[in-house]
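Here is the structure we will look at.
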Amino acid sequence: MEMFEEGKVYELLLVTKSNVTPVGVVKKGNKFHFKLFEGKSAKDIREHPYGVLHITWDVDILVRTALNLPCELEWEDSKTIPLKKIKNLPNIEGKIEFQEDLIKDSLGEARILRCSLIPSRIEVFPVSNPPLSRADFYLLEMAINLTRLYVATRKLNVKEAQNIYSKIWVEYRTYKRLGGKNKLAEKIMGFATAALRWNP
Ligand SMILES: Cc1cc2nc3c(=O)[nH]c(=O)nc-3n(C[C@H](O)[C@H](O)[C@H](O)COP(=O)(O)O)c2cc1C
Numbered sequence: 016m017e018m019f020e021e022g023k024v025y026e027l028l029l030v031t032k033s034n035v036t037p038v039g040v041v042k043k044g045n046k047f048h049f050k051l052f053e054g055k056s057a058k059d060i061r062e063h064p065y066g067v068l069h070i071t072w073d074v075d076i077l078v079r080t081a082l083n084l085p086c087e088l089e090w091e092d093s094k095t096i097p098l099k100k101i102k103n104l105p106n107i108e109g110k111i112e113f114q115e116d117l118i119k120d121s122l123g124e125a126r127i128l129r130c131s132l133i134p135s136r137i138e139v140f141p142v143s144n145p146p147l148s149r150a151d152f153y154l155l156e157m158a159i160n161l162t163r164l165y166v167a168t169r170k171l172n173v174k175e176a177q178n179i180y181s182k183i184w185v186e187y188r189t190y191k192r193l194g195g196k197n198k199l200a201e202k203i204m205g206f207a208t209a210a211l212r213w214n215p
């Protein structure tokens, strides 16, 4: 638990009954808090309120799971809750308490699920990692902004969609300048262009 600074947002992988997705998680006291926008994970938690939070430094997995792209993962049973979890990744198992809420941001009003995971088992072993690269953060930002672009185009918010698209383009250029080689960058640029062209 000491590796988590109180109040800092960490990008973790949330495993629920039928889904894996990245979430921004904040530790407060002995609980882990996160917000979920409408989607498969929120639906899963309403039906089966258990989750596993995994720590990964693998941007490829974070981006693929955010965009529902194919991702090769190995699974095993959790020890304290009725749920599968990803094999060989540091993890926190627990029951999830949740509350429905409405929030307002630049994309308008959205229904969210405020969740707290109460740990029943923590398995955080030392892992040797390649050093993080600044390029990877730009790839992550591109993925986050693409999920926001989908919301803007779904709401027919053309101005916000164009604004988000411009950000993704600038992030793409920076990613390439920093030596980023993952083909997901081109894929995201393609998805973003298609979203802007076909939706608004
Ligand atoms: C690094 C990263 C962090 C994210 N954090 C959140 C989050 O805290 N809450 C959320 O609802 N979506 C978050 N997203 C977006 C979701 O991954 C994306 O919307 C996903 O498709 C959720 O829908 P699902 O539950 O149907 O899979 C994040 C995406 C990325 C790339």
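Numbering (the numbering used here), first residue to last: 16 to 215. In this text, a Cβ means the ideal position worked out from N, Cα and C, and glycines have one as well. Remember, predicted model here, so these are calculated numbers, not experimental data.
- A distance of 8 Å or more separates the beta carbons of Val40 and Val67.
- DSSP places Ser181 inside the alpha helix (DSSP H), whose first and last residues are Val173 to Arg192.
- By a beta-carbon distance limit of 8 Å, Ser131 contacts Ile111. Their separation comes to about 7 Å.
- The beta carbons of Tyr190 and Leu164 sit no closer together than 8 Å.
- Our two residues, Leu77 and Lys202, have alpha carbons roughly 15 Å apart in a direct line.
- When DSSP states are grouped into helix, strand and coil, Phe19 belongs to the coil group.
- By the neighbour-count criterion, in which a residue is buried when 16 or more other Cβ atoms sit within 10 angstroms of its Cβ, Glu62 is exposed.
- Within 7 Å of the C-beta of Glu20 there is not a single heavy atom belonging to ligand 1.
- In the structure shown, the three-state DSSP call for Gly54 is coil.
- Asp73 sits in coil when the DSSP states are folded into three classes, being neither helix nor strand.
- When only Cα atoms are considered, Leu104 and Ile70 end up about 7 Å apart.
- In terms of Cβ geometry, Asn106 and Lys99 do not form a close pair [threshold 8 Å].
- A residue is called buried when at least 16 other Cβ atoms come within 10 angstroms of its Cβ; Leu199 meets this threshold and is buried.
- Relative to Tyr187, the option among Leu171, Ile179 and Met204 whose CA is nearest is Met204.
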